[in-house]
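Report on one structure; see the data block that follows.
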Amino acid sequence: MVRTTPGQKIPIDKLQATLAFLEKLEEKDKEELSLPESVYFLRDQLQSALKKGYSYQKLSEILKTQEIKVSAATFNQYLTEIEKEKYSRKRGVKLKPVLSAENSTQISTESSVMPQLPSVTEDSLVLETSL
Numbered sequence: 003m004v005r006t007t008p009g010q011k012i013p014i015d016k017l018q019a020t021l022a023f024l025e026k027l028e029e030k031d032k033e034e035l036s037l038p039e040s041v042y043f044l045r046d047q048l049q050s051a052l053k054k055g056y057s058y059q060k061l062s063e064i065l066k067t068q069e070i071k072v073s074a075a076t077f078n079q080y081l082t083e084i085e086k087e088k089y090s091r092k093r094g095v096k097l098k099p100v101l102s103a104e105n106s107t108q109i110s111t112e113s114s115v116m117p118q119l120p121s122v123t124e125d126s127l128v129l130e131t132s133l
């Protein structure tokens, strides 16, 4: 087990070399999926079963027989989240960007932190003189 060395200072060139090394790592095959990942994996067949008239409760019981234990409410929530994400992508809604290795060395404090407010000029101000 690796122990943390308190107060250590890491040279920038070492960090850049480590970054390059980590970027080259290949994705490992998963032997198991989390519950949300499992529902996502089965989503098309589950949604098809719902269209055939099966309830979330009945599908939850069917999944339990396959040793996939998920309540009907949680199952419904996962499928709803999947549909929302799919709908957002179709509409072109941009999801929050994930910090990647490319931009991890430069963290921006642009408008993503502060909302962009419309500019106000003298011409844009309208004074109401009568109430």
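Numbered per our numbering, the sequence shown spans residues 3 to 133. Glycine residues also receive a C-beta, built at the ideal position from the N, C-alpha and C atoms. Keep in mind the model is a prediction, meaning the values are calculated, not measured.
- The continuous stretches of alpha helix (DSSP H) do not include S57, and DSSP gives it neither H nor E.
- With respect to A51, L61 sits close: the two C-beta atoms are nearer than 9 Å.
- With respect to the C-alpha of Q47, the residue from E33, K32, T6 and I64 having the closest C-alpha is I64.
- Its chain contains I70 as the residues whose beta carbon lies nearer than 7 Å to that of S40, once the 5 sequence neighbours on both sides are disregarded; these appear in chain order.
- For Y56 against N78, the beta-carbon gap comes to about 12 Å, at or over 8 Å, which does not count as contact.
- When the five nearest sequence neighbours on each side are left out, the beta carbons in the same chain lying within less than 7 Å of the beta carbon of F43 are those of L35, in order along the chain.
- In this structure, the alpha-carbon of Y89 lies about 14 Å from that of Y80.
- For the pair L17 and T7, the Cα-to-Cα distance works out to about 16 Å.
- Distance check between Q68 and each of K53, L37 and A75 places L37 closest, using alpha-carbon atoms only.
- Across the structure, D31 and R45 are spaced so that their CA atoms are roughly 20 Å apart.
- Counting every other CB atom within 10 Å of its CB across the protein chains shown gives V4 a total below 16, marking it as exposed.
- The straight-line gap separating the alpha-carbon atoms of K11 and E25 is approximately 22 Å.
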